[in-house]
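Numbering (the working numbering), first residue to last: 2 to 152. From the three backbone atoms N, C-alpha and C, an ideal C-beta is built for every residue, glycine too. In what follows, a structure is listed as structure tokens, so that the remarks can point back to it.
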């Protein structure tokens, strides 16, 4: 009897349900699946707008807009431009916080961020978990690359 390698043994016992699991991840979110996350993100933005936020609140809103922008670039350039305006507003809020050590959102920035959050919610609801995971992977790689440049 011939010995089999570890690789060959693993390959022979592949998951028979792997294709069904992949199809499940590739289907769009069900209605209400993302509602809790949308509410948390909106609450973080409201704290940011009224000046009671912390860095975690800012990071959550910024990450939501980054994820949505990655997906928007695959969908429509105009949608990506709308999200970019929201990101620019978030950058201005961060700069102001770094300079004055307080969170302050100007009315024009608030409008841009609200529009971007609306677009984020629509994109997330229409996307599949697999698409959002791939967008998250792109954002992670971008953040890690920027961290390496800064170091």
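Measure the alpha-carbon distance for residue i versus residue j and round it to whole angstroms.
i           : j          : result
residue 124 : residue 16 : 32 angstroms
residue 139 : residue 38 : 20 angstroms
residue 85  : residue 22 : 34 angstroms
residue 108 : residue 24 : 43 angstroms
residue 152 : residue 32 : 43 angstroms
residue 150 : residue 4  : 48 angstroms
residue 116 : residue 76 : 17 angstroms
residue 96  : residue 50 : 15 angstroms
If you count every other CB in all the chains shown that lies within 10 Å of the CB of residue i, and 16 or more means buried, which is it?
i           : result
residue 40  : exposed
residue 20  : exposed
residue 87  : buried
residue 133 : buried
residue 146 : exposed
residue 71  : buried
I'd like to know whether the C-beta atoms of residue i and residue j end up nearer to each other than 8 angstroms.
i          : j           : result
residue 42 : residue 26  : no
residue 52 : residue 103 : yes
residue 74 : residue 65  : no
residue 46 : residue 118 : yes
residue 79 : residue 113 : no
Within a Cβ cutoff of 8 angstroms, which residues of the same chain sit near residue i, ignoring the five residues on either side of it in sequence?
i          : result
residue 30 : 125, 126, 128, 129 and 130
residue 98 : 59, 104 and 105
Apart from the five residues on each side of it in sequence, which residues of its chain come closer than 7 angstroms, Cβ to Cβ, to residue i?
i          : result
residue 63 : 91
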